[in-house]
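Residue numbering for the sequence shown is 1 to 360, as defined by my numbering. Take a look at the structure set out below.
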Amino acid sequence: MKITEVKIHRIEWERGAYHWRDGIMPQGAKGSSGLLRIQTDDGVEGLSPYRGGASIEEIKYKLIGTDPLDRERIWQDFWLNLRTSRLGEAIGSVDVALWDLYGKVCNQPVYRLLGGVRNKIPAYASTTTLDSIDEYLREAEGYLARGYRAIKLHAWGRLEQDAELCRALRKAVGGKVTLMYDASSMFNRYEDALWFGRRLEEQNFFWYEEPMDHYNMTALARLAKELDIPLATAEATHGGPFDALTHILAGAADIIHTGPLDAYKGGFTGIMKTAHICEGFGIMCAMHGGSIASLHAACAIHNCRYFERLVPETLLSPPGIKSAETEIDDQGFASPGGKPGLGLEIDWDWMEGHTVGIEG
Ligand SMILES: [Mg+2]
């Protein structure tokens, strides 16, 4: 089998506006994304969501004429070029599309080909940043009513106010609901990060995510040593499994965050390497992002405990590309289902009406 065509459909659609912590530009009501298509002389096609900025000419230069089943060889070839190009932004989607294609060839869902460990996994409701503590409490009530048993806060990044929110949320949901907090690297002064970690410990939070920037590994290691709450780090690094190992050896991670569609993490091939490194150190490997790829990965990795489900569930999902990651059952579980590959269902009429450009 040989790769004959590679295309990226750029799409836009209307959806709700939202925002993250202080200092991050709010997101408007127009969603934009891409769909990567890798086509072959056999007629089988691999698909993946695509958000990267790598040049289509360079992606094609690497892929056209190669055998799409040689995923590791292609991965190594891309990885060799991260220094001199933007292929690191594409490697995740390219690898995910190749696994989708392989799943269609084998008539198996990707999570089973990766080594399926479970066919469903608890999801946590991962918030955007809301406007008031009352709004968070109202939302949390809705998550629990829908079946979720775990919630992760993306709050403002204001020390006192965020601490007050964590106290109020714990009081509202009781002791049995799992709570996590994501600082998105907001607390870059060690004393602030330490103070806030203590507040999370008082409210029995399950993990403390990205308190400080990933490049400050010395401070992260001090923090991990000082605090009892596990630090979840490395989500934003650009070295995939290699940076994960560096974080672990530096003592700067109790949990490693990675994601198959994240830039520079290396798709399924890369994050499975990361997961196995973590397993060797007895460390949890958490999946970032609520994509269908993250859900397949979470069901293939033994040392992954949760699937991150951004709420509202369909906020970032193009209506014309359907897959299983937006469906949470009444017990709070997500399942990738049994369709071959990723299980994407494309409404090509919708795509045609929302495509703003085709590259390739
Ligand atoms: Mg995060």
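C-beta atoms are modelled at their ideal positions from N, C-alpha and C, and glycine is treated no differently.
Distance cut-off 7 Å: residue i Cβ against heavy atoms of ligand 1
i: D254; result: no
i: E5; result: no
i: D192; result: no
i: E72; result: no
i: E210; result: yes
i: D442; result: The structure shown has nothing for residue 442, since the chain only spans 1 to 360.
i: H247; result: no
i: D182; result: yes
i: H276; result: no
i: E352; result: no
i: H214; result: no
i: E325; result: no
i: H257; result: yes
i: H19; result: no
i: H288; result: yes
i: E14; result: no
i: E235; result: yes
Proximity of residue i and residue j at Cβ, strictly below 8 Å
i: L36; j: I74; result: no
i: Y102; j: Y124; result: no
i: I91; j: P68; result: no
i: A297; j: G115; result: no
i: G157; j: A183; result: yes
i: T128; j: H19; result: yes
i: I8; j: I64; result: no
i: E89; j: G53; result: yes
i: S294; j: P49; result: no
i: V44; j: K104; result: yes
i: T269; j: E72; result: yes
i: P109; j: G353; result: no
Same chain, Cβ closer than 6 Å to residue i, five either side skipped, listed in chain order
i: G32; result: Going by the sequence as given, residue 32 is Ser instead of Gly. Excluding residues within five positions, the ones whose Cβ falls inside 6 Å are E12.
i: E345; result: K322
i: R170; result: Q203
i: G266; result: I91, G240
Distance between beta carbons of residue j and residue i, contact taken as under 8 Å
i: L153; j: L165; result: 7 Å
i: E308; j: M284; result: No, E308 and M284 are not in contact; Cβ-Cβ is about 13 Å, not under 8 Å.
i: P340; j: N107; result: 5 Å
i: E141; j: L130; result: The Cβ separation is near 13 Å, so there is no contact.
i: F242; j: P211; result: Their Cβ separation, rounded to whole angstroms, is 22 Å, which puts F242 and P211 out of contact at 8 Å.
i: D213; j: S185; result: 5 Å
Where residue i falls, given that 16 or more other Cβ within 10 Å makes a residue buried
i: V356; result: exposed
i: Y215; result: exposed
i: C245; result: The question names Cys, but residue 245 in the sequence shown is Leu. It counts as buried.
i: H302; result: exposed
i: F78; result: buried
i: M25; result: exposed
i: D162; result: buried
i: P230; result: buried
i: A145; result: exposed
i: P319; result: exposed
i: D262; result: buried
i: T233; result: buried
i: R15; result: buried
i: T274; result: buried
i: T218; result: exposed
i: S132; result: exposed
i: L342; result: buried
i: T258; result: buried
i: G197; result: buried
i: K30; result: exposed
Cut-off 8 Å between Cβ atoms - residues of its own chain near residue i, not counting five sequence neighbours on either side
i: G28; result: A17
i: W361; result: Missing from the structure shown is residue 361; the chain here goes from 1 to 360 and no further.
i: H238; result: L82, G88, A263, Y264
i: A150; result: P122, A123, Y124, A125, V177, T178, L179, M180, F206, Y306, G332
Close beta carbons around residue i, own chain, < 7 Å, minus the five adjacent residues each side
i: D349; result: none
i: E279; result: H302, N303
i: Y111; result: H296, C299, A300, P336
i: R305; result: M284
i: F281; result: I248
i: F333; result: K120, I121, P122, A123
i: M1; result: T40, D41, D42, D67, P68, L69
i: K60; result: V6, G360
i: A250; result: M217, A221
i: E226; result: L194
i: P260; result: G92, V96, G267, F268, I271, A293, S294, A297
Contact with chain B by residue i, beta-carbon distance below 8 Å
i: Q27; result: In the structure shown, chain B cannot be found, because there is only a single protein chain.
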